[in-house]
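Everything on this sheet refers to the single structure shown next.
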Amino acid sequence: MWILNTLFFGSAIFTIKLRRKKTSSLKPGIIYHSIASAIAIGFFALGWLKLVTALAFAIVLIKFAVVIVFRKWYTQAKFHSVALLETRFALFYIAVAAISVLPAHLPK
């Protein structure tokens, strides 16, 4: 689970880099997200993650897609707006990931 969390929060590096002209290439972000997705799928295939936990990683792919689709806004927005976007996606991810590892029934 901690590897999945690291992959999720590591993805923010590649979205934030899109804001700078020198590092605004999509290629590193696409490569990172492809490798990270393969790792999440691999963990699920090995039985190390539940399906819902593995699917929680899809939230990072949705965030990356939103950033790509609204790239012009993202590169020109105030940092406060970018921080809110990152925080909202992070909270949503944490909620889904945390709920996915809870037992089906709480002990009596």
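FYI, the numbering for the sequence shown is 2 to 109, going by our numbering.
In this text, a Cβ means the ideal position worked out from N, Cα and C, and glycines have one as well.
**Q.** Same chain only: Cβ atoms within 8 Å of histidine 34, ignoring 5 sequence neighbours per side
**A.** Cβ neighbours of histidine 34 beyond the five flanking positions: Ser12, Phe15, Val61, Leu62 and Phe65.
Q: Confirm, please, whether the CB-CB distance from alanine 41 to alanine 55 is below 8 Å.
A: Inclusion of alanine 55 and alanine 41 in the CB contact set at 8 Å is warranted, their separation being smaller than that value.
Q: Please report how far the alpha carbon of leucine 85 lies from the alpha carbon of alanine 46, in whole angstroms.
A: Going by the C-alpha atoms only, they are around 34 Å apart.
Q.
Quick check: what's the CA-CA separation for lysine 28 versus valine 102?
A. Distance between the alpha carbons of lysine 28 and valine 102: 33 Å.
Q | Whether arginine 72 touches leucine 19 by CB criterion (8 Å) | A | Yes, the Cβ-Cβ distance between arginine 72 and leucine 19 is below 8 Å.
Q) Taking Cβ positions, are alanine 91 and alanine 57 nearer each other than 8 Å? A) Not in contact: alanine 91 and alanine 57 (Cβ atoms no closer than 8 Å).
Q | Cα-Cα separation between alanine 162 and alanine 59, rounded to whole angstroms | A | The chain is shown only over 2 to 109; residue 162 falls outside these bounds and no answer can be derived.
Q: Alpha carbon to alpha carbon, how far is alanine 96 from lysine 22? Give it in angstroms, no decimals.
A: The straight-line gap separating the alpha-carbon atoms of lysine 22 and alanine 96 is approximately 33 Å.
Q | Simplified DSSP assignment, three categories, for valine 102 | A | Three-state DSSP puts valine 102 in coil, outside helix and strand.
Q: Under 8 Å by Cβ, that's how I've got leucine 50 and leucine 5 pegged, so tell me the actual separation to the nearest angstrom.
A: Taking the Cβ atoms as the reference, leucine 50 lies roughly 7 Å from leucine 5, within the contact range of under 8 Å.
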